[in-house]
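Colleague: So for the sequence shown, this note's numbering puts the first residue at 14; every next one is plus one.
Even for Gly, the Cβ is constructed at its ideal location relative to N, Cα and C.
The structure presented is a predicted model; accordingly, all values stated were derived computationally and were not measured.
Please read through the structure below; I'll follow up with questions.
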Amino acid sequence: MKLSVVTAVYNRERTIADAVDSLRRQTHAKVEHIIIDGGSTDGTLDVLRRTLAADARLVSEPDGGIYDAINKGMARATGEVVGLLHSDDWLADNDVLADVARAFTPGIDAVYGDLEYVSDKDPTRIVRHWQAGPYSHARLKQGWMPPHPTLFVRRSFLERHSPGGRPYDTRLRIAADYEAMLRWFSAGMRTAYLPRVLVKMRTGGASNRSLARILRKSREDLTAMRRHGIGGLGTLAAKNLSKIPQFLKK
């Protein structure tokens with residue numbers, strides 16, 4: 014099985030090499046890496062040119078934000094399965110993609126697992142452990158979602174359920190990933206859960222950098238919920254409260 018991995022990056026000179034190195038160390042043989050750079054002005058491109066595999070595909074041009082960049086990358090994907098590797102993240106160990114590929118048995122549209130947030134200053138220190146657990150539609154109404162960075166989806170399913178050929182709605186600046194997952198689950202996406210950490214993520218994500226962004230994310234989450242008939246303010250509250258135990262499972 015060929016896996017396509019898309020990385021959207023902009024001015025991440027300090028962290029991008031960790032992401033690339035974790036991908037190059039994977040034991041799974043067939044991996045396509047597509048990097049969409051938004052026109053970085055620091056040393057990101059120099060780092061990429063030094064560290065990328067010879068067959069990686071690098072595009073550097075202005076874009077409309079992270080979801081626009083991801084859409085561009087996914088449009089270029091040729092693998093049976095597509096996933097993401099953000100520029101501040103890395104795959105938890107060398108067998109992540111091999112385990113993901115094995116989990117794609119016939120009838121499975123997507124595979125996901127657990128995620129660990131780590132300290133930006135000390136990546137060995139776990140700040141939050143997101144144990145996803147298996148999917149059920151009832152859990153969506155309780156604010157549940159799988160960790161988006163761990164989600165791998167069959168490209169054929171994406172193509173069927175991406176309006177205008179764009180998996181992510183770029184009108185949503187922060188919660189387009191949540192909207193996309195609700196759309197896919199509402200379309201009957203059949204999933205397999207891997208009960209192990211697939212991705213490690215540095216703290217300090219874009220959605221939590223200011224009160225204004227937190228409020229915008231909440232508004233966009235609510236838009237996504239209502240768009241797909243998942244819930245309203247109660248579901249939004251449950252979604253936010255569900256994060257608290259994740260800080261206690263370190």
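Could you give the DSSP three-state label for Tyr181: helix, strand or coil?
Modeller: Taking the sequence shown and counting its residues from 1, the one referred to as residue 181 is at position 168. Three-state result, Tyr181: coil.
Colleague: Taking buried to mean at least 16 other C-beta atoms within 10 Å of its own C-beta, is His150 buried or exposed?
Modeller: On the sequence shown, residue 150 is found 137 positions in, with the first residue counted as 1. Exposed is the call here.
Colleague: Identify which residue in Ile79, Trp103, Arg115, Pro159 has its Cα closest to the Cα of Gly126.
Modeller: Against the sequence shown, residue 126 aligns to sequence position 113. Selected option, being the one with the closest Cα: Pro159.
Colleague: Arg141 and Ser132 look like a contact to me (Cβ under 8 Å); what is the Cβ gap, rounded to whole Å?
Modeller: Here residue 141 corresponds to residue number 128 of the sequence shown, with the count starting at 1. Here residue 132 corresponds to residue number 119 of the sequence shown, with the count starting at 1. That pair is no contact at about 10 Å.
Colleague: Against chain B, with Cβ distances strictly below 8 Å, would Phe170 count as a contact?
Modeller: The chain labelled as chain B is not found in the depicted structure, where only one protein chain is given.
Colleague: When the distance is taken between beta carbons, is Leu58 closer than 8 Å to Ser73?
Modeller: Position 60 of the sequence shown, counted from the first residue, corresponds to residue 73. Position 45 of the sequence shown, counted from the first residue, corresponds to residue 58. Cβ distance < 8 Å, so Ser73 and Leu58 count as in contact.
Colleague: Taking DSSP as the reference, what is the three-state secondary structure of Trp157?
Modeller: Translated into positions along the sequence shown, residue 157 becomes position 144. The answer is coil: DSSP assigns Trp157 none of H, G, I, E or B.
Colleague: Compare the Cα-Cα distances from Tyr191 to each of Ala237, Leu97, Lys134 and report the closest residue.
Modeller: Position 178 of the sequence shown, counted from the first residue, corresponds to residue 191. Of the listed residues, the one whose Cα sits closest to Tyr191 is Ala237.
Colleague: Beta-carbon separation of Asp102 and Met214 under 8 Å?
Modeller: Start at 1 with the first residue of the sequence shown, and residue 102 comes out as number 89. Start at 1 with the first residue of the sequence shown, and residue 214 comes out as number 201. Contact: yes.
Colleague: On the DSSP letters alone, give me the boundaries of the beta strand (DSSP E) that Asp135 sits inside.
Modeller: As a first step, residue 135 must be located in the sequence shown, where it is residue number 122. First-last for Asp135: undefined, no H or E at that position.
Colleague: Could you pull the DSSP bridge partners for His174 from this structure?
Modeller: Along the sequence shown, read from residue 1 onward, the residue named residue 174 stands at position 161. None; His174 has no bridge partner.
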